[in-house]
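If you read the sequence shown in my numbering, its first letter stands for residue 142, the second for the next number, and so on. Every residue gets a Cβ at the ideal spot worked out from N, C-alpha and C, and that includes glycine. Small disclaimer: the values here were computed from a predicted structure and weren't measured.
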Amino acid sequence: MTAPESADPGATTEQLDEAARLLGSYAGELREALTSVRALVADVAADWQDPGGAGWVDRADLVRRDLDRHADDAADLATRTARAAEDSAARAVQESALQQSAALVGQHALREGVEPARTVPDPAAGALPVGPLLAGPLLGGTEGRRVLPGTGMRIATLPDPPAR
142 MTAPESADPG
152 ATTEQLDEAA
162 RLLGSYAGEL
172 REALTSVRAL
182 VADVAADWQD
192 PGGAGWVDRA
202 DLVRRDLDRH
212 ADDAADLATR
222 TARAAEDSAA
232 RAVQESALQQ
242 SAALVGQHAL
252 REGVEPARTV
262 PDPAAGALPV
272 GPLLAGPLLG
282 GTEGRRVLPG
292 TGMRIATLPD
302 PPAR
């Protein structure tokens with residue numbers, strides 16, 4: 142089955158919710174068909190106890206196992222799609238909060254007489270962003286800029302063994 146991560150990256154939360162609902166419905170219908178096939182296998186096994194009946198029981202059991210696998214795949218895909226919809230909604234809320242935060246920081250900077258940064262440079266191009274719009278902690282990088290001494294991770298060490 143195809144993972145929802147490989148689906149359209151521009152899919153909206155509503156589209157992902159609808160896909161998850163349909164996949165869940167599909168999985169439920171497969172489970173109902175699976176119940177019918179199990180009953181059929183039991184009836185054939187009870188009523189047709191010769192080698193011909195055993196062959197049909199084996200064939201019907203193959204169908205049952207295939208339906209079971211497809212139902213599990215559909216349920217898994219529905220769960221993963223629902224999770225992708227939740228992640229999409231969370232990203233939308235986070236992006237909105239970041240935009241509001243940037244606007245508030247920019248307004249504060251203008252009130253304080255500081256010219257806010259108009260664009261945020263691309264770190265991949267080697268330009269490091271500077272300015273009042275960059276509120277919050279700087280995550281680790283290789284350039285070692287804007288780092289306060291005495292902050293960061295400390296690696297635990299054992300004391301030196303006593304001299305004998």
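Helix, strand or coil for Leu208? Go by DSSP, reduced to three states.
Residue 208 sits at position 67 when you count from the first residue of the sequence shown. In the structure shown, Leu208 adopts helical secondary structure according to DSSP, grouped into three states.
Reference Leu218; option with closest CA among Ala183, Glu159, Arg200, Ala180
Counting from 1 along the sequence shown, the entry for residue 218 is found at position 77. Checked all of Ala183, Glu159, Arg200, Ala180; the closest Cα to Leu218 is Glu159.
Could you have a look at Arg305 and say whether DSSP puts it in helix, strand or coil?
Locating residue 305 in the sequence shown gives position 164, where the first residue counts as 1. Looking at Arg305 - three-state DSSP - the assignment turns out to be coil, as it is neither helix nor strand.
Who are the Cβ neighbours of Trp197 in its own chain at under 8 Å, not counting the five residues just before and after it?
Position 56 of the sequence shown holds residue 197. So the qualifying residues of the chain are Val185, Trp189.
Supposed close pair Leu157, Arg205 - CB separation, criterion 8 Å:
Translated into the one-based positions of the sequence shown, residue 157 becomes position 16. Translated into the one-based positions of the sequence shown, residue 205 becomes position 64. Taking C-beta atoms under 8 Å as the contact rule, Leu157 and Arg205 fail to qualify, at a distance of about 31 Å.
Kindly indicate the opening and closing residues of the alpha helix (DSSP H) around Leu175.
On the sequence shown, position 34 is the one that residue 175 refers to. First-last of the alpha helix (DSSP H) with Leu175: 154-188.
Return yes when the Cβ of Ala226 is within less than 7 Å of the Cβ of Leu164, no when it is not.
For the purposes of this step, residue 164 is identified with residue 23 of the sequence shown, where counting begins at 1. For the purposes of this step, residue 226 is identified with residue 85 of the sequence shown, where counting begins at 1. The answer is no: Cβ separation not under 7 Å.
If we ignore side chains and look at the alpha-carbon of each, how far apart do Asp191 and Arg210 end up?
Your numbering for residue 191 matches position 50 in the sequence shown. Your numbering for residue 210 matches position 69 in the sequence shown. It is roughly 29 Å from the alpha-carbon of Asp191 to the alpha-carbon of Arg210.
Determine whether the beta carbon atoms of Val182 and Asp207 lie at a separation below 7 Å.
In the sequence shown, counting from the first residue as 1, residue 182 sits at position 41. In the sequence shown, counting from the first residue as 1, residue 207 sits at position 66. It is not a contact, given that the beta carbons lie outside the stated cut-off.
Rounded C-alpha distance that separates Arg221 from Gln241
Looking up residue 221 in the sequence shown gives position 80. Looking up residue 241 in the sequence shown gives position 100. Each residue's Cα considered, the two are about 30 Å apart.
Using C-beta distances below 6 Å, list every residue in its chain close to Leu299, excluding the 5 sequence neighbours before and after it, in chain order.
By one-based count along the sequence shown, residue 299 stands at place 158. Result list for Leu299: empty, nothing under 6 Å.
So is Ser229 buried or exposed if we call it buried at 16+ other beta carbons inside 10 Å?
For the purposes of this step, residue 229 is taken as residue 88 along the sequence shown, with counting starting at 1. Taking all protein chains in view, the Cβ of Ser229 is crowded by 16 or more other Cβ atoms within 10 Å, so the residue is classified as buried.
Contact check, Ala212 vs Arg162, beta carbons under 7 Å
Position 71 of the sequence shown, counted from the start, is the residue given in the question as residue 212. Position 21 of the sequence shown, counted from the start, is the residue given in the question as residue 162. With contacts defined by Cβ atoms closer than 7 Å, Ala212 and Arg162 do not form a contacting pair.
Proximal residues to Val178 (C-beta, below 8 Å), its chain only, five neighbours per side dropped:
Sequence index remark: in the sequence shown, residue 178 carries index 37 (1-based). Closer than 8 Å at the Cβ level, and outside the excluded window around Val178, lie Ala201, Val204, Arg205, Leu208.
Exposed or buried, what is Ala231 when buried is set at 16 or more other beta-carbons lying within 10 Å of its beta-carbon?
Mapped onto the sequence shown, residue 231 falls at position 90. So Ala231 ends up on the exposed side.
Per-residue DSSP class, three states only, for Asp217
Looking up residue 217 in the sequence shown gives position 76. For Asp217, the three-state secondary structure derived from DSSP is helix.
May I have the straight-line CA-CA distance separating Thr153 from Ala297, to the nearest angstrom?
As a position in the sequence shown, residue 153 is number 12, starting the count at 1. As a position in the sequence shown, residue 297 is number 156, starting the count at 1. Thr153 and Ala297 have their alpha carbons spaced roughly 46 Å apart.
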